[in-house]
Amino acid sequence: MDKNMLDDVQNQIIEFLRSRRSVVAANLTDPGPTEDELNTIIEIGLRVPDHSRCGPWRIQIIRKEGQAKLGDLYADLFAKEDEDPTEEQIEYWRARPQTAPIVLAITCYPNEEKMHKIPLWEQILSGGAMCQNILNASHAIGYSAQWLSEWPAYHTEVKKLLGHAEDIEIYGFIFIGTATEPPKERKRIAAEDILSEWHG
Ligand SMILES: Cc1cc2nc3c(=O)[nH]c(=O)nc-3n(C[C@H](O)[C@H](O)[C@H](O)COP(=O)(O)O)c2cc1C
Numbered sequence: 458m459d460k461n462m463l464d465d466v467q468n469q470i471i472e473f474l475r476s477r478r479s480v481v482a483a484n485l486t487d488p489g490p491t492e493d494e495l496n497t498i499i500e501i502g503l504r505v506p507d508h509s510r511c512g513p514w515r516i517q518i519i520r521k522e523g524q525a526k527l528g529d530l531y532a533d534l535f536a537k538e539d540e541d542p543t544e545e546q547i548e549y550w551r552a553r554p555q556t557a558p559i560v561l562a563i564t565c566y567p568n569e570e571k572m573h574k575i576p577l578w579e580q581i582l583s584g585g586a587m588c589q590n591i592l593n594a595s596h597a598i599g600y601s602a603q604w605l606s607e608w609p610a611y612h613t614e615v616k617k618l619l620g621h622a623e624d625i626e627i628y629g630f631i632f633i634g635t636a637t638e639p640p641k642e643r644k645r646i647a648a649e650d651i652l653s654e655w656h657g
C-alpha cells in the first residue's frame, strides 16, 4: 500500500473511532449481521486485552426465539414487582429485548484458578473492553448497536433463565441491527475536564 493510501486508511479509522455513536435499541431493526459477520464481530470481541489469558467472559447469542422468552419473563417480572404496573408498561418490557435482530448477553466468569495472580478487578475490566470491541466491530461492519444493562441485567430470575448462577454478573446486553434513523450527536465529556499532566 502506498503512503497516500495508508494515510487515507488511517484517517478513516480515526474518523470512525472519533464519530462512533450508539443507536438506541428501540431504533435497531432488520437486517442484522449474517453468520459470517457475527463471527467476525465475536472474533474482534475476543481480541481484547486479557491479562494472563484468563478468558473471564461468556457471550450468548440471543435471536428472535430467545428474545421472545426473555421478553415474556421481563413482562411477568415487571407485572409482579412494579408497584403500579400499567398494561402499556408491561408490554413495553415484553418488547424491550425483541427490537434488534441480534442481542448478545455478555457475562463475567472470573477465572478462579488465576485469581491469586490476576485480581478480579482486572478480569472484570477485560470484559468491558470486550463489549467495546463488539460495539466497534458491529459499527465497522455497517450495523448499529447499543450496550444496555437496565434492571434485567441485575435480576436473579433473568440470570436463571439465561442459565447463570445469581452471583454471575451480566455486563449487559448488546443489541445489534440496522438503524431506523441516524443518531444525533451526543455531548461528550471534554478532555480538559478529566486530563492532567503529572510530572512527579
Ligand atoms: C455497562 C453499561 C451499561 C449501560 N446501560 C445502559 C442502560 O441501561 N440504559 C441506557 O440508556 N444506556 C446504557 N448505557 C449507555 C449506552 O450504552 C450508550 O453509552 C448510550 O446509548 C450513548 O451512546 P454512545 O455514547 O455510545 O453514542 C450503558 C453503558 C454501559 C457501559
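As numbered in this note's numbering, residues 458 to 657 make up the sequence shown, in order.
Virtual Cβ for every residue (Gly too), placed ideally from N, Cα, C.
In this text the structure is predicted, and so the values were computed from the model without any measurement.
Inspect the CB distances between the stretch 592-605 and the stretch 634-641 and report whether three or more fall short of 8 Å. yes
Give the range of the beta strand (DSSP E) segment to which L601 is assigned. Before going further, note that residue 601 is Ser rather than Leu in the sequence given. Per DSSP, S601 belongs to the beta strand (DSSP E) from 601-605.
For ligand 1, residues whose Cβ lies under 5 Å from any non-hydrogen atom: Qualifying residues, in the order they occur: R478, S479, W604, L605, S606, E607, G629.
Tell me which residues share the same chain as P640 and place their Cβ nearer than 6 Å to its Cβ, disregarding the 5 neighbours each side in the sequence. R478, V480
Whole angstroms are fine: how far does the CA of L618 sit from the CA of Y611? Each residue's alpha carbon lies about 13 Å from the other.
Pick out whichever of M462, K460, S476, I471 has its Cα sitting closest to the Cα of R643. Taking only the C-alpha atoms, the option nearest R643 is S476.
Give the straight-line distance between the Cα atoms of K571 and I547, rounded to the nearest whole angstrom. 43 Å
Under the rule that 16 or more other beta-carbon atoms within 10 Å means buried, what is P506, buried or exposed? exposed
DSSP on T486, reduced to helix/strand/coil? strand
I'd like to know whether the C-beta atoms of P398 and C565 end up nearer to each other than 7 Å. The structure shown has nothing for residue 398, since the chain only spans 458 to 657.
At what residues does the beta strand (DSSP E) containing I631 begin and finish? 626-636
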